Amino acid sequence: MKQKLQEQFISLYGKSNGEVEVYFSPGRVNLIGEHIDYNGGYVFPCALDMGTYLAVRRRSDSVVNFATLNFDLKTQIDLKESIVNTEADGWSNYPKGIIKAFLNRQVAVSGMDILFFGNIPNGSGLSSSASLEVVTAFALNDLFSAGISLLDLVKISQTTEREFIGVNCGIMDQFAVAFGQENAAILLDCNTLEYRYAPLLLQGFKIVICNTHKQRGLGDSKYNERRSQCEKALSCLNTQLDLGSLCELSAAEFEANKALIVDPIAFQRATHAVYENARVQDAVTALEKNDILTFGQLMNQSHDSLRDLYEVSCYELDVMVEEARKIEGTVGARMTGAGFGGCTVNIVRDEAIDTFKENVARNYKQRTDLDADIYIANVGDGVKKL
Numbered sequence: 139m140k141q142k143l144q145e146q147f148i149s150l151y152g153k154s155n156g157e158v159e160v161y162f163s164p165g166r167v168n169l170i171g172e173h174i175d176y177n178g179g180y181v182f183p184c185a186l187d188m189g190t191y192l193a194v195r196r197r198s199d200s201v202v203n204f205a206t207l208n209f210d211l212k213t214q215i216d217l218k219e220s221i222v223n224t225e226a227d228g229w230s231n232y233p234k235g236i237i238k239a240f241l242n243r244q245v246a247v248s249g250m251d252i253l254f255f256g257n258i259p260n261g262s263g264l265s266s267s268a269s270l271e272v273v274t275a276f277a278l279n280d281l282f283s284a285g286i287s288l289l290d291l292v293k294i295s296q297t298t299e300r301e302f303i304g305v306n307c308g309i310m311d312q313f314a315v316a317f318g319q320e321n322a323a324i325l326l327d328c329n330t331l332e333y334r335y336a337p338l339l340l341q342g343f344k345i346v347i348c349n350t351h352k353q354r355g356l357g358d359s360k361y362n363e364r365r366s367q368c369e370k371a372l373s374c375l376n377t378q379l380d381l382g383s384l385c386e387l388s389a390a391e392f393e394a395n396k397a398l399i400v401d402p403i404a405f406q407r408a409t410h411a412v413y414e415n416a417r418v419q420d421a422v423t424a425l426e427k428n429d430i431l432t433f434g435q436l437m438n439q440s441h442d443s444l445r446d447l448y449e450v451s452c453y454e455l456d457v458m459v460e461e462a463r464k465i466e467g468t469v470g471a472r473m474t475g476a477g478f479g480g481c482t483v484n485i486v487r488d489e490a491i492d493t494f495k496e497n498v499a500r501n502y503k504q505r506t507d508l509d510a511d512i513y514i515a516n517v518g519d520g521v522k523k524l
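Listed below in structure tokens is the structure:
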């Protein structure tokens, strides 16, 4: 891939004396713990072996060129001018925002030619945006010897998505694509950013991702609305309590204080957050005991809560989950990511994989008139230079 990308780079930008460096940042799938990263909860993502490649060569001027093998759109900025988010620049607003953040930190960024290639399905909910942000931040840090820690690169990427792109995201996606480890998932406390790796040794089982091909725009979806509903629930609880986030409450503490949440919608959202947080911890315990069946049951409960209490699923996701659960070898099936489209994540017995792919794809097509993409997820490393 490195050599192929370097060749494509030279055919686009021409030859020069400078070295063409190549970097890679993965996508991620969250196994359990959805919509609680911004509620101070635990999440359990892993990095994938698909992701975003970045080829870059420094220039002698202040111009930065952006191109990708995925779309026709090419854009250009001049570092001497102010960098702003413009709708016409589409996907390149993500790397533009990262460059702006580096300049704000007084990093001496100079001109560059950049070529991206991504093999994460766009709009799939597998964190193509976080992957794009983190690979750009990692490359700039290396190219311009900025000496910024990996955790700070994660924070720069999150801040860019919040302030430059305008999506009020949590930190899970950027953290997972930066800190991922082959054959492990990350148990991350989104309140403290303490984390540990849990081995993903699913002997006899595979992680299967199903892409609904129902497009979802995160920025214009209900994502920010859900956040404000959770903040409302927290405000209600804090008339009597002193909480920094919803997930500081155990299920028992929540039950004892839930009457404080007078708004019925905010109450539903908070119920999901608190119980989902408990499910993550139970799921990791089950996995460490090699109890895959319990892990799968908790995944199922997670989806049902996201559908009924948090209301971030959609017809296509629900159909995909229903069809997956009909297969005898499926032990767990749930939506993953922000919702309203995107992907489901499933734990399936090895011997049932072929039946799963065939039946789920066929029945999903019959019920939605959409073609599903179904693939085995291989768990990969975090961001790196190739």
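If you count by this note's numbering, then the sequence shown holds residues 139 to 524, one letter each, in order. Glycine included, each C-beta is placed from N, C-alpha and C at the ideal position. All values derive from a computational prediction rather than experimental measurement.
C-alpha gap between Thr482 and Leu325, whole angstroms:
Rounded to whole angstroms, Thr482 to Leu325 spans 20 angstroms at the Cα level.
Cα-Cα separation between Asp519 and Pro402, rounded to whole angstroms
Asp519 and Pro402: Cα-Cα distance of roughly 42 angstroms.
Which of helix, strand or coil does DSSP assign to Val450?
Here Val450 sits in coil by DSSP.
Is it the case that the Cβ atoms of Asp251 and Arg195 are separated by a distance below 7 angstroms?
Contact: yes.
Return the CA-CA distance between Asn395 and Thr506, expressed in angstroms with no decimal places.
Looking at the two C-alpha atoms, the distance is approximately 42 angstroms.
By Cβ distance below 7 angstroms, which residues in the same chain neighbour Ser163 in space, the five residues on each side in sequence not counted?
So the qualifying residues of the chain are Gly189, Thr190, Ser269, Val272, Val273, Phe276, Val315 and Val521.
Assuming Ile491 and Ile430 are in contact, meaning their beta carbons sit under 8 angstroms apart, how far apart are those beta carbons, in whole angstroms?
About 15 angstroms separates the beta carbon of Ile491 from that of Ile430, a gap too long to meet the 8 angstroms contact definition.
Thinking just about the alpha-carbon of each residue, which of Asn321, Gly479, Arg197 and Asn501 is nearest to the one in Asp216?
The residue with the shortest Cα to Cα distance from Asp216 is Arg197.
Any idea what DSSP makes of Arg243, helix, strand or coil?
Coil.
Outcome for Asp311 when other beta-carbon atoms lying within 10 angstroms are tallied against a minimum of 16
Classification of Asp311: buried, given that the 10 Å Cβ count is 16 or more.
Could you name each continuous alpha helix (DSSP H) segment of 4 residues or more that falls completely within the segment 310-339, going from the start of the chain to the end?
Counting only unbroken stretches of 4 or more residues, the alpha helix (DSSP H) elements lying wholly within the segment 310-339 are 310-317, in sequence order.
If we count the other Cβ atoms within 10 Å of its Cβ and call it buried at 16 or more, is Ser388 buried or exposed?
Counting the other CB atoms within 10 Å of its CB gives Ser388 a total below 16, which places it among the exposed residues.
Here's the rule: buried if 16 or more other CB atoms are within 10 angstroms of the residue's CB, otherwise exposed. What is Ile514?
With fewer than 16 Cβ atoms within 10 Å of its Cβ, Ile514 is classed as exposed.
Please state the DSSP three-state secondary structure of Asn279.
The answer is helix: DSSP assigns Asn279 an H, G or I state.
Buried or exposed, going by whether 16 or more other CB atoms sit within 10 Å of the CB of Phe209?
With fewer than 16 Cβ atoms within 10 Å of its Cβ, Phe209 is classed as exposed.
If you reduce the DSSP assignment to three classes, tell me which class Pro402 lands in.
Of the three classes helix, strand and coil, the one that applies to Pro402 here is helix, per DSSP.
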